[in-house]
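Residue numbering for the sequence shown follows full-length UniProt numbering, starting at 1 and increasing by one per position. A short write-up of the structure that comes next.
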Amino acid sequence: MSMSLPEHLLPQPERAVRVAYQGNPGAYSEIAALNAAPAATAHGYATFHEVIEAVSAGHADLGVLPVENSLMGSILQSIDLLVETDLHVVREVVVRVSHVLMALPGVKLEEIKRVYSQQPALDQCTTFLHQHHLVPVAAHDTAGSAKDLAARGARDEGVIASARAAEIYGMEVLQAGVEDEPFNYTRFLVLSHREPVPSEGPHKTSLVFAVRHTPGALLETLNQLGGLNMSSIVSRPRKDRAWSYLIHVDFEGSADDPAVSAALGALLKKASFAKIIGSYPASPEPIEP
């Protein structure tokens, strides 16, 4: 006589990891989300805040936030959110930003008068836009601009976004690589409820701290990290105190490394406030869109 096991004891099929990102399908953030974990499924949200909320509420397993672009610098809204959230940074993903000009099928470049995209993407393509006498129009999102143009059906408009966005929304790529500088990468941090699993290989650590408003306090505190390779330092206003600032620092190495641990311990003694945003595996190589 055989007995069937209760359903909760039966082997469960492996569920794809749900990753939240800001934007529409085809956005560079979606590309980062799809590469945040093996067999990941990406779910778009309207704002960075909603990405954080989706992970916090359990609607997504992971979330990705862009924190830095190699041409435009730090993405300050994301940095501010990282200070406020209790989620853990579990890894880094770097995506190569390669813009294409797209339009409705059959439209030629000389027919286009206006080009829509997110303002930073337009700023990265000013030479191409000027050469072709195209009027840039700022929109809420790169891939969202392609989605909107497909719905409008305007044949005198184009969009700058990823080649993936062109494929998703049935657009035709008129010219690839329209960005002014080929060295264009966006760095994303992957957020989770769970702390990162210890692993081998290169790591980074992100830290935020504040110092007392006394002469030399900032320099003295930063000196505690003098033996580490700092890759980014950003100053942000504190929301709870006027004319007081938080310092966000990224540096190479894991918090478990003896040298890093000693430096962090020394910094904690000098700072008036400090929080480790995360200590996580660095991106091994950029992802091509």
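Ideal placement from N, C-alpha and C gives every residue a C-beta, glycine not left out. Owing to the predicted nature of the structure, the values given are computational and were not obtained by experimental measurement.
- Here G144 carries a helix assignment [DSSP, helix/strand/coil].
- Taking a contact to require three or more Cβ pairs closer than 8 Å, the region 175 to 185 and the region 244 to 256 do not qualify as touching.
- Collapsing the DSSP output to three states places P258 in a helix.
- Proximity of the region 262 to 279 to the region 77 to 96 meets the contact definition, three or more beta-carbon pairs being nearer than 8 Å.
- Non-local beta-carbon contacts of N24 in its own chain, meaning distances under 6 Å to residues more than five positions away in sequence, involve G44, D141, A143, G144, K147 in chain order.
- Pairwise C-beta distances place the region 14 to 33 in contact with the region 53 to 68, as three or more of them are shorter than 8 Å.
- Distances from the CA of A57 to each of G265, A263, R18 were compared; the closest alpha carbon is that of R18.
- Annotation for A163: the continuous alpha helix (DSSP H) segment containing it runs 163 to 168.
- According to the DSSP assignment, A54 belongs to the alpha helix (DSSP H) that extends over 48 to 56.
- Within the UniProt domain "ACT" (206 to 281), the complete alpha helix (DSSP H) runs of at least 4 residues fall at 217 to 222, 258 to 270.
- If you look at P120, you'll find it in the alpha helix (DSSP H) that goes 119 to 123.
- Along the length of the region 25 to 91, whole beta strand (DSSP E) runs at least 3 residues long occupy 40 to 45, 62 to 69, reported in chain order.
- Fewer than three pairs of CB atoms, one per stretch, sit closer than 8 Å, so the region 166 to 182 makes no contact with the region 196 to 216.
- Cβ contact annotation for L207 (same chain, cutoff 6 Å, sequence separation greater than five): V249, I276, in chain order.
- In the three-state reduction of the DSSP assignment, A154 falls in the coil class, being assigned neither a helical nor a strand state.
- Residue pairing by DSSP puts I287 in a beta bridge opposite V95.
- Rounded to whole angstroms, the separation of the alpha carbons of L34 and I287 is 11 Å.
- For E110, the secondary structure class from DSSP, reduced to helix, strand or coil, is helix.
- DSSP places F183 in no beta strand (DSSP E); its state is neither H nor E.
- Around the C-beta of E167, fewer than 16 other C-beta atoms lie within 10 Å, and the residue is accordingly described as exposed.
- Burial of F188 is indicated by the presence of at least 16 other C-beta atoms within 10 angstroms of its C-beta.
- A Cβ-Cβ distance of about 5 Å is found for the pair L101 and G158, placing them in contact under the 8 Å criterion.
- When H59, V260, L71 are compared, the shortest CA-CA separation from A16 is found for H59.
- L71 and A103 have their alpha carbons spaced roughly 26 Å apart.
- The beta carbon of F273 sits closer than 7 Å to the beta carbons of F209, A210 from its chain, once the five residues preceding and following it are set aside; these are given in chain order.
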